[in-house]
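See structure below.
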Amino acid sequence: MLHVIKTDAALKRVHPFYSEQDSILLIEDAVYAANPLHYAFELLSGKTVFVLQADAKARGIHHRISPSTTITDYLGFVELTEQHHSTMTWE
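When we follow this note's numbering, the leftmost residue of the sequence shown carries the number 1294, and every step to the right adds one.
Encoded structure:
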């Protein structure tokens, strides 16, 4: 499953539902959690995490994103939805 996360609060809610085959895509305000100094960053540990580049740039944090995540563009977003059997958006 692809978990599309819009807020850091939603990231907390998805944690119990995440399995090894899943991926997380951080978009909108959830991109802040990809900063290692963010309080929610530890929730990403051991998970496959992608960060939408446009949202990180729009918030001025693209240079603070952890190298343990993968930066992706809108085409990559589409490819992620194609690679996963289902997608769930968390707000």
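Using N, Cα and C, we set each Cβ at its ideal position, and we do this for glycine too.
Judged by beta-carbon spacing, I1317 lies beyond the 7 Å limit of V1344, meaning their Cβ atoms are not closer than that value. Contact annotation: L1330 and I1298 have beta-carbon atoms that are not nearer than 7 Å. A Cβ-Cβ distance of about 5 Å is found for the pair I1364 and Q1346, placing them in contact under the 8 Å criterion.
In the structure shown, the three-state DSSP call for L1336 is helix.
Fully enclosed alpha helix (DSSP H) runs of no fewer than 4 residues occupy 1346 to 1351 of the region 1319 to 1363, in order along the chain.
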